[in-house]
Amino acid sequence: MRLSQSLIPTLKETPAEAQIASHRLMLRAGLVRQMASGIYAWLPAGYRVLAKIANIVREEQDAAGAQEMLMPTIQSADLWRESGRYDAYGKEMLRITDRHERELLFGPTNEEMITAIVRDSVKSYRELPQMLYHIQWKFRDEVRPRFGVLRGREFLMKDAYSFDLDKAGAVVAYKKMMLAYMRTFQRIGITAIPMRADTGQIGGDLSHEFHVLAPTGESGVFYDAAFEAGDAFASSDIEAFYEQMTTTYAATDEKHDTEAWEKIPAERRREGRGIEVGQIFYFGRKYSETMNFAVVGPDGTRIFPEMGSYGIGVSRLVGAIIEARHDEAGIIWPDAVAPFRAAILNLRQGDAATDKICEELHAKLGADCLYDDREERAGQKFAEADLMGHPWQIIVGPRGAASGQVELKRRATGERWELPVADALAKVLG
Ligand code: ATP
Ligand code: MG
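The opening position of the sequence shown corresponds to residue 815 in the working numbering, with each subsequent residue numbered one higher.
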């Protein structure tokens, strides 16, 4: 993509409304713009990040055996009356009346809708288990939308739902999802720690929240240093993995257990703040019973399925990643979710040798690179590339170009190499 022809409206000044780094940087790097309180438009570069995250989430959900579908954003109030949550949900729910005076709402979550859909077509125990998910916009009329996309009103969520015949089956689904989540965060390139959590609005008795560590996080978190190792969850055996995840101490302040905490050697105790990027719940028959969804069991009796739900804040993740990975100069994207894998910085637009190398690199790197072909000072190109946080910068100036050399910079470490064009390409693509 050519920067001269792109809508990536970077800002030099720090926007006054942004209190934390990720919000400032998302505005300054031209990723999003606020359209109304807590409601954002995703501009081309920001949308590329959102789409890459959604894709990793999707691949790992598919690998866990979940089936992708798409439910609407608008739901009927009657559906929520069946579970009793229409009145319970309160002011966070955006309630809408259509021209026929029918009551609708913009979905804050989908337990009721998915239960109604599965109830409509699953009649026998033979058709269970089922695991379904979608990646769809949600609306919650938060009292205080803030921190940009971290606490928006409209936000993108992956929500999955499992239906099993018995509790043992539901717990298997829960474990599979926990593994899928850890793989997802690992692929994205961040550390997220599963913490025992309260079940809140959704209800139920087993729940974990996944927190990305960042000083600006809204929750206090306590965890064993073992989670910092990254390979703490390397096990591919699901039972061993789950055992490890749930016996290694990690809890939000709401669930913190000082007695258990004190048993951990002092040098391994870590306290900090976390951003919740996902939560998983096992809540049994809460919705199947209230919404009267039963299947016929092997002996002809009615069985109310055991359910769980599993959310990931796809749009919140964009902000959380930036909170965890930035410096004075700007964003430091992990390779897997950067809007562009590499930027090509042409330091002398119009110089024949420089232009030729840049065009060649642009052609070879394809759509996943951003070619800064503008008539701007080198200093501005450097500053904007650092701000946008491309994992690689390929810097092409007239002096090197004359002998076929370019400079390669790794954003995360600041390392630089002088290399022939082909070697730089190999490193970026490698
Ligand atoms: P929070 O405690 O932060 O308000 P929640 O526990 O109410 O979130 P869940 O119902 O668990 O949220 O939703 C699943 C995921 O959706 C959360 O883990 C979070 O990543 C994301 N999410 C929830 N509310 C918002 C929001 N207002 N803006 C952006 N993402 C959100
Ligand atoms: Mg939650």
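Where is the CB? At the ideal position from N, CA and C, for every residue including glycine.
Of the heavy atoms belonging to ligand 1, none sits nearer than 7 Å to the Cβ of Thr1060. Each residue's CA atom was taken as its position, placing Leu1027 and Met996 some 14 Å apart. The DSSP assignment places 1156 to 1160 as complete runs of the beta strand (DSSP E) inside the region 1132 to 1176, in order along the chain (cut-off: 3 residues). The bridge partners DSSP lists for Glu1232 are Glu1221.
Taking the Cα positions, Arg933 is about 7 Å away from Ala1108. Within the chosen limit of 7 Å, ligand 1 reaches the beta carbon of Glu956 through at least one heavy atom. Around the beta carbon of Lys1077, fewer than 16 other beta carbons lie within 10 angstroms, which makes this residue exposed. Per the C-alpha coordinates, the member of Ala1192, Ala1166, Ala1157 positioned closest to Leu1179 is Ala1157. Look at Val1091 here: in three-state DSSP terms it is strand. Straight through space, the alpha carbons of Gly1098 and Asp1200 are spaced by roughly 48 Å. The shortest C-alpha to C-alpha distance from Tyr947 to any of Ser976, Gly1114, Val963, Tyr939 is the one to Ser976. Residue pairing by DSSP places Met1009 opposite Glu1023 in a beta bridge.
Set against 7 Å, the gap from the CB of Gln1093 to the closest heavy atom of ligand 2 is smaller. The DSSP-derived three-state label of Ala830 is coil. In this structure, Val1110 and Tyr939 form a Cβ contact; the two beta carbons are roughly 7 Å apart against a cut-off of 8 Å. With three or more CB-CB distances shorter than 8 Å, the region 1031 to 1042 counts as touching the region 1078 to 1091.
Short note on Phe969: C-beta closer than 7 Å to some heavy atom of ligand 1.
Ala1215 and Ile1171 do touch by the CB rule: their CB atoms are close to 5 Å apart, below 8 Å.
In the DSSP assignment, Thr1066 forms a beta bridge with Val1035. From the listed residues Val1220, Lys937, Ala832, Ile822, the smallest Cα separation to Pro1112 is found for Lys937. No Cβ-Cβ contact shorter than 8 Å links Ile1007 with Tyr1056. Cβ neighbours of Met840 within its own chain (closer than 6 Å, five residues either side excluded): Val846, Gly962. The region 1134 to 1154 makes contact with the region 1187 to 1204; the number of CB pairs closer than 8 Å reaches 3 or more. In chain order, Val1132, Val1151, Pro1153 place their CB closer than 6 Å to the CB of Val863, counting only its own chain and leaving out the 5 sequence neighbours on each side. Here Glu1103 is not near Asp1012, since their CB atoms are 8 Å or more apart.
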